[in-house]
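Here the structure comes first, spelled out in structure tokens, and everything after it is commentary.
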Amino acid sequence: MTTPAVQASITQLVGNTPLLRIRLFDERYPDLEIYAKAEWFNPGGSVKDRAALSMIEDGERRGRLTPDKVIIDSTSGNTGIAYALVGAAKGYRVRLVMPDNVSAERKQLVSAYGADVVLSDGMEGSDGAIRMVREMVSDDPDAYFYPDQYNNPANTLAHYHGTGREILEQTGGRLTHFVAGLGTTGTFVGTARRLKEHDPSIQTIGVQPDDAFHGLEGLKHLPSAIVPGIWDPGLADEVWGAPTEASYDLARAVASSEGVLVGHSCGAVLWAIEQLASEVHRGVVVTVFPDGGDRYLSTGLYRPRQ
Ligand SMILES: Cc1ncc(COP(=O)(O)O)c(C=O)c1O
Numbered sequence: 006m007t008t009p010a011v012q013a014s015i016t017q018l019v020g021n022t023p024l025l026r027i028r029l030f031d032e033r034y035p036d037l038e039i040y041a042k043a044e045w046f047n048p049g050g051s052v053k054d055r056a057a058l059s060m061i062e063d064g065e066r067r068g069r070l071t072p073d074k075v076i077i078d079s080t081s082g083n084t085g086i087a088y089a090l091v092g093a094a095k096g097y098r099v100r101l102v103m104p105d106n107v108s109a110e111r112k113q114l115v116s117a118y119g120a121d122v123v124l125s126d127g128m129e130g131s132d133g134a135i136r137m138v139r140e141m142v143s144d145d146p147d148a149y150f151y152p153d154q155y156n157n158p159a160n161t162l163a164h165y166h167g168t169g170r171e172i173l174e175q176t177g178g179r180l181t182h183f184v185a186g187l188g189t190t191g192t193f194v195g196t197a198r199r200l201k202e203h204d205p206s207i208q209t210i211g212v213q214p215d216d217a218f219h220g221l222e223g224l225k226h227l228p229s230a231i232v233p234g235i236w237d238p239g240l241a242d243e244v245w246g247a248p249t250e251a252s253y254d255l256a257r258a259v260a261s262s263e264g265v266l267v268g269h270s271c272g273a274v275l276w277a278i279e280q281l282a283s284e285v286h287r288g289v290v291v292t293v294f295p296d297g298g299d300r301y302l303s304t305g306l307y308r309p310r311q
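Taking our numbering, the leading residue of the sequence shown gets 6, the next gets one more, and so forth.
Dropping the structure here:
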């Protein structure tokens with residue numbers, strides 16, 4: 006083990022997350038190795054630090070983000086935390102629109118980083134927040150830098166140059182399957198593109214909620230949502246729909262049996278990996294665990310059962 010180097014800015018700690026061996030299904034499927042990128046090791050606690058830093062630095066390079074502009078976007082929470090952290094580190098103001106039903110921890114976290122929060126109608130979900138940002142930007146276009154994570158290629162590029170490259174290095178390129186949740190789809194698209202360029206035989210499975218009404222914060226039910234502009238269906242060999250309750254059960258299982266405390270969407274990818282395991286029985290599966298479970302305590306995910 007080498008001692009970590011001194012860093013000039015917190016933003017330099019984004020990416021290069023550990024790859025964890027997950028043993029939840031080992032007894033049933035001894036010939037299947039499962040690994041997960043532990044994305045809560047990013048300084049803002051989620052995978053979205055990668056996308057936010059990439060989009061903000063892309064805006065700086067293109068001259069679209071200047072010190073007078075306010076960074077604005079819609080976010081179910083993690084991207085907001087990431088924008089707020091990167092904005093604070095780089096000296097930008099940040100304004101975030103989020104549905105009023107996102108977890109209390111998330112609203113408090115972005116405020117702690119100094120960002121303004123504007124709440125949209127929770128019944129309209131993440132699409133309602135997107136519509137509200139678009140209105141605010143069209144009312145005052147010069148005031149804002151709108152990274153638009155759903156349509157910004159710099160979101161996917163964070164994963165093409167980061168997550169995907171790291172997975173290839175950490176596994177020596179020996180993975181057979183890649184499984185990831187679909188929100189903006191940046192994680193899946195950027196990583197799958199990198200992996201398939203390396204080895205087109207790697208099978209890719211995108212995971213969305215199985216229904217428009219779901220409890221899998223961070224994921225999008227694509228058939229009923231505004232489809233992100235960066236989504237590339239050609240990179241997905243399969244797209245599966247994960248049920249909320251079964252996903253929660255698997256999040257709880259990996260926390261209590263392995264000490265890996267994860268968020269809702271990690272349960273959803275575990276659900277998909279369990280289905281995959283029952284089909285293929287062997288292989289090397291890599292997934293991305295977007296965030297940790299401490300961010301969801303107020304949602305009841307880990308409330309002790311009576
Ligand atoms: C908890 C969680 N899981 C999964 C995702 C999906 O990642 P992506 O937006 O890259 O598709 C997000 C995105 O916000 C998230 O917050």
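Cβ atoms here follow ideal geometry from the backbone N, Cα and C, with glycine treated the same way.
The structure displayed is predicted, hence computed values, not measured ones.
Given that a residue counts as buried once 16 or more other Cβ atoms are within 10 Å of its Cβ, and exposed if not, what is residue i?
{"i": "Thr84", "result": "buried"}
{"i": "Arg33", "result": "exposed"}
{"i": "Val11", "result": "exposed"}
{"i": "Thr292", "result": "buried"}
{"i": "Arg198", "result": "buried"}
{"i": "His286", "result": "exposed"}
{"i": "Phe331", "result": "Look at the range of the chain in this structure, 6 to 311, and you will see that residue 331 is not part of it."}
{"i": "Ala109", "result": "exposed"}
{"i": "Arg55", "result": "buried"}
{"i": "Asp254", "result": "exposed"}
{"i": "Thr196", "result": "buried"}
Does the Cβ of residue i lie closer than 7 angstroms to at least one heavy atom of ligand 1?
{"i": "Phe193", "result": "yes"}
{"i": "Gly297", "result": "no"}
{"i": "Gly268", "result": "yes"}
{"i": "Val56", "result": "Val is not the amino acid found at residue 56; the sequence shown has Ala there. Because some heavy atom of ligand 1 lies under 7 angstroms away, the Cβ of Ala56 counts as near it: yes."}
{"i": "Glu250", "result": "no"}
{"i": "Ser125", "result": "no"}
{"i": "Lys53", "result": "yes"}
{"i": "Thr292", "result": "no"}
{"i": "Leu162", "result": "no"}
{"i": "Thr71", "result": "no"}
{"i": "Thr209", "result": "no"}
{"i": "Thr22", "result": "no"}
{"i": "Leu224", "result": "yes"}
{"i": "Asn83", "result": "yes"}
{"i": "Gly188", "result": "yes"}
What does the alpha-carbon distance come out to for the pair residue i and residue j?
{"i": "Ala134", "j": "Asn157", "result": "17 angstroms"}
{"i": "Tyr88", "j": "Leu37", "result": "37 angstroms"}
{"i": "Ala43", "j": "Arg111", "result": "19 angstroms"}
{"i": "Leu24", "j": "His164", "result": "15 angstroms"}
{"i": "Gly167", "j": "Ile61", "result": "16 angstroms"}
{"i": "Cys271", "j": "Ala185", "result": "9 angstroms"}
{"i": "Asp145", "j": "Ile210", "result": "40 angstroms"}
{"i": "Gly239", "j": "Lys201", "result": "11 angstroms"}
{"i": "Leu281", "j": "Ala273", "result": "13 angstroms"}
{"i": "Pro72", "j": "Arg66", "result": "13 angstroms"}
{"i": "Ile39", "j": "Val102", "result": "36 angstroms"}
{"i": "Thr22", "j": "Leu266", "result": "16 angstroms"}
{"i": "Ala159", "j": "Pro309", "result": "40 angstroms"}
{"i": "Leu114", "j": "Gly96", "result": "17 angstroms"}
{"i": "Asp132", "j": "Lys53", "result": "18 angstroms"}
{"i": "Ala13", "j": "Gly92", "result": "16 angstroms"}
{"i": "Phe46", "j": "Asp299", "result": "13 angstroms"}
{"i": "Glu222", "j": "Gly297", "result": "12 angstroms"}
Review point. Taking one C-beta from the stretch 114 to 124 and one from the stretch 18 to 30 each time, how about it: are there three or more such pairs within less than 8 angstroms?
Key: For the pair of segments examined, the stretch 114 to 124 was found not to touch the stretch 18 to 30: the number of CB pairs separated by less than 8 angstroms stays below three.
Review point. Touching or not, the stretch 297 to 307 and the stretch 276 to 287, by the rule of three or more beta carbon pairs under 8 angstroms?
Key: no
Check your understanding: Are three or more beta carbon pairs between the stretch 143 to 153 and the stretch 68 to 80 nearer than 8 angstroms?
Key -> yes
Exercise for review: Indicate whether the contact test is met: 3 or more Cβ pairs, each with one atom in the stretch 186 to 198 and one in the stretch 220 to 239, closer than 8 angstroms.
Suggested key: Result yes; three or more Cβ-Cβ pairs closer than 8 angstroms.
Check your understanding: Taking three-plus beta-carbon pairs below 8 angstroms as touching, is the stretch 248 to 257 in contact with the stretch 208 to 220?
Key -> These segments touch.
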